[in-house]
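**Student:** A single structure is presented below for examination.
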Amino acid sequence: MTTRAAPRIVVAGSANMDLVGLAERLPLPGETVLGDDFVMMPGGKGANQAIAAARAGGQSVFLGAIGSDSFGVTLNARLNAAGVDVRHVRTSYGASGVAVIMVDHAGENSILVSPGANSTFTDLTEDEARVIASGDVLLCQQEIPVETVTAACRAARYGDTRTILNAAPARELPIELLELVDLLVVNELEAQTITGSATPDMAALLALVPRVVLTLGGAGARYAERDGRDETVPAFPVEATDTTAAGDAFTGALAVAWGEGRDLLEAVRWANAAGAACVRKLGASNALPTRAEIDEMITG
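If you count by full-length UniProt numbering, then the sequence shown holds residues 1 to 300, one letter each, in order.
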């Protein structure tokens, strides 16, 4: 019996240092709230999803930019320690990206991101394009310049690499990018932003891309494709400690499952389990679950 190699997941995205404060409740505008705890840990949607993919069993490669500061050294070390291939990560003179995160006791959060070095991740090199074309799945988000995301998806199309775009944070997307996306992952706000609809409009999304996963938080996720398939996959009920990286755990696991050749409905269910396992812990990259933890959530 031959063992299939783990899928190669190439993540083109952001890396940030997360500064996380925990308090009983989030402050209102102009208000100061006394916090309970503070932690500093590597994050950023790109780096988080690269680590999530590695822990879920994929061969994860990260393409992005870190600063020349101490945060950049820590970010690179954390990615490497998690099993992510960091040989192609750029170092940009100046500050790394930073995210200031407030989390309340119900697990809800509020996040402010300063891009730093992430904004310098432009003009893909020939080597970076080759790395993308050699992957099974390319995974992108929207914390780097949209031109870079488009170029990465174009390189994926050239190499017959499947593309997943996690359209977060919410913003309008150019049609030339959407035409290169094989699977779009969005929450309800992001879906509304892309289509301009007052509510998530799956038909409008499917007019733009062939497959859509709409994440629904505690209600699970909805998967639909142009051939008429449209199903909601229930969430795994857990007590949430911190929802900060749940979406990244979901998307990284989804990329691995799809890269393994699983049916997408099964892949979404496995990704739901990854998100559920993630919210039980405080933090971002340190909360991302291993493959064993995801499988344990599935089996109960």
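Don't be surprised by glycine CBs; every beta carbon is placed ideally from N, CA and C.
From a predicted model like this one, the values you see are computed outputs, not experimental measurements.
Where A255 and T163 are concerned, what is the direct C-alpha to C-alpha distance, given to the nearest angstrom?
**Tutor:** Working through the sequence shown from its first residue, we reach residue 255 at position 255. Working through the sequence shown from its first residue, we reach residue 163 at position 163. Taking the straight line joining both Cα atoms gives about 9 Å.
**Student:** Distance check for L173 and T193, CA to CA, integer angstroms please.
**Tutor:** Within the sequence shown, numbered from 1, the residue matching residue 193 stands at position 193. Within the sequence shown, numbered from 1, the residue matching residue 173 stands at position 173. Each residue's alpha carbon lies about 9 Å from the other.
**Student:** What's the call for K45, buried or exposed, on a 16-neighbour Cβ count within 10 Å?
**Tutor:** On the sequence shown, position 45 is the one that residue 45 refers to. Answer is buried; the Cβ neighbour count reaches 16.
**Student:** Applying the criterion that 16 or more other CB atoms from any shown protein chain within 10 Å of the CB defines a buried residue, is F62 buried or exposed?
**Tutor:** As a first step, residue 62 must be located in the sequence shown, where it is residue number 62. Buried: at least 16 other Cβ atoms inside 10 Å.
**Student:** Since Q192 is in the alpha helix (DSSP H), which residue starts that stretch and which ends it?
**Tutor:** Along the sequence shown, read from residue 1 onward, the residue named residue 192 stands at position 192. It spans E188 to T195 - the alpha helix (DSSP H) in which Q192 sits, taken as one unbroken run.
**Student:** In chain order, what residues of the same chain have a beta carbon less than 7 Å from the beta carbon of R171, not counting five sequence neighbours either side?
**Tutor:** Sequence index remark: in the sequence shown, residue 171 carries index 171 (1-based). If we look at R171 and ignore the five residues flanking it on each side, its Cβ neighbours are Q142 and T193.
**Student:** Can you check whether the CB of C153 is closer than 8 Å to the CB of L124?
**Tutor:** Taking the first residue of the sequence shown as position 1, residue 124 is located at position 124. Taking the first residue of the sequence shown as position 1, residue 153 is located at position 153. Not a contact, by the Cβ cut-off of 8 Å.
**Student:** For the beta strand (DSSP E) containing G220, list its first residue and its last residue.
**Tutor:** In the sequence shown, residue 220 corresponds to position 220, counting from 1. Run containing G220: none; DSSP gives neither H nor E here.
**Student:** Flag this pair as touching only if the stretch 9-17 and the stretch 47-60 have three or more C-beta atom pairs under 8 Å; answer yes or no.
**Tutor:** With the cut-off at 8 Å, the stretch 9-17 and the stretch 47-60 touch.
**Student:** Check whether the Cβ atoms of I294 and A56 lie closer than 8 Å to each other.
**Tutor:** By one-based count along the sequence shown, residue 294 stands at place 294. By one-based count along the sequence shown, residue 56 stands at place 56. In contact: I294 and A56 (Cβ atoms closer than 8 Å).
**Student:** Does any heavy atom of the ligand GTP sit closer than 7 Å to the C-beta of N80?
**Tutor:** Annotation note on the ligand GTP: not contained in the displayed structure, which lists no ligands.
**Student:** I'd like the list of long-range same chain contacts for D37, defined as Cβ closer than 7 Å, with 5 residues on each side in sequence excluded.
**Tutor:** If you number the sequence shown from 1, residue 37 lands on position 37. Same-chain partners within the cutoff: L22.
**Student:** Under a Cβ-count criterion, where at least 16 other Cβ atoms within 10 Å of its own Cβ denotes burial, should L34 be classed as buried or exposed?
**Tutor:** Translated into positions along the sequence shown, residue 34 becomes position 34. With fewer than 16 Cβ atoms within 10 Å of its Cβ, L34 is classed as exposed.
**Student:** Is the beta carbon of P289 less than 8 Å from the beta carbon of A249?
**Tutor:** Within the sequence shown, the letter at position 289 stands for residue 289. Within the sequence shown, the letter at position 249 stands for residue 249. For P289 and A249, yes; Cβs fall inside 8 Å.
**Student:** Which word fits D85, buried or exposed, when buried means at least 16 other C-beta atoms lie within 10 angstroms of its C-beta?
**Tutor:** Locating residue 85 in the sequence shown gives position 85, counting from the first residue. With 16 or more other Cβ atoms within 10 Å, it is buried.
**Student:** Is L189 buried or exposed, if buried means 16 or more other CB atoms sit within 10 Å of its CB?
**Tutor:** The count along the sequence shown starts at 1 and reaches residue 189 at position 189. So L189 counts as exposed.
**Student:** Could you check where the alpha helix (DSSP H) with E128 kicks off and where it finishes?
**Tutor:** Numbered from its first residue, the sequence shown carries residue 128 at position 128. It spans E126 to A133 - the alpha helix (DSSP H) in which E128 sits, taken as one unbroken run.
**Student:** Could you name the residues that DSSP lists as bridge partners for L139?
**Tutor:** Reading the sequence shown from its first residue, position 139 is the one you call residue 139. Its beta-bridge partners are V11 and I164.
**Student:** What number of angstroms, rounded off, separates the C-alpha of A276 from the C-alpha of V233?
**Tutor:** Counting from one through the sequence shown, the residue named residue 276 turns up at place 276. Counting from one through the sequence shown, the residue named residue 233 turns up at place 233. Going from the Cα of A276 to the Cα of V233 covers about 13 Å.
**Student:** What ranges does the beta strand (DSSP E) occupy inside the stretch 76-121, keeping only unbroken runs of at least 3 residues that lie completely in it?
**Tutor:** Qualifying beta strand (DSSP E) stretches, in chain order: 90-92, 97-103 and 109-114.
**Student:** In three-state DSSP terms, what is R171?
**Tutor:** Residue 171 sits at position 171 when you count from the first residue of the sequence shown. Three-state DSSP puts R171 in coil, outside helix and strand.
**Student:** For A240, collect the residues of the same chain with a Cβ closer than 6 Å to its Cβ; drop the 5 residues on either side in sequence, then sort them by chain order.
**Tutor:** Translated into positions along the sequence shown, residue 240 becomes position 240. Cβ within range, chain order: G107 and V279.
**Student:** Alpha carbon to alpha carbon, how far is H105 from L165? Give it in angstroms, no decimals.
**Tutor:** The sequence position of residue 165 within the sequence shown is 165, counting from 1. The sequence position of residue 105 within the sequence shown is 105, counting from 1. Computed Cα separation, rounded: 31 Å.
**Student:** State the start and end residues of the unbroken beta strand (DSSP E) segment that holds G43.
**Tutor:** Residue mapping note: residue 43 aligns to position 43 of the sequence shown, counting from 1. G43 -> beta strand (DSSP E) spans D37 to G43.
**Student:** Mind checking which residues open and close the alpha helix (DSSP H) that includes G259?
**Tutor:** Translated into the one-based positions of the sequence shown, residue 259 becomes position 259. G259 -> alpha helix (DSSP H) spans A246 to G259.
**Student:** In whole angstroms, what separates the C-alpha of P115 from that of S96?
**Tutor:** Residue 115 sits at position 115 when you count from the first residue of the sequence shown. Residue 96 sits at position 96 when you count from the first residue of the sequence shown. Between P115 and S96, the C-alpha separation is close to 7 Å.
**Student:** Assuming A274 and C140 make a contact with CB atoms under 8 Å, what is their CB distance in whole Å?
**Tutor:** Translated into positions along the sequence shown, residue 274 becomes position 274. Translated into positions along the sequence shown, residue 140 becomes position 140. The Cβ separation is near 18 Å, so there is no contact.
**Student:** Return the chain-ordered list of same chain residues with a C-beta closer than 6 Å to the C-beta of V20, the five sequence neighbours on each side being excluded.
**Tutor:** Along the sequence shown, one-based indexing puts residue 20 at 20. The residues are V39 and I101.
**Student:** For T32, count neighbouring C-beta atoms within 10 Å of its own C-beta (all shown protein chains included) and say buried if the count is 16 or more, exposed if not.
**Tutor:** As a first step, residue 32 is located in the sequence shown; it is residue number 32 there, counting from the start. That one is exposed.
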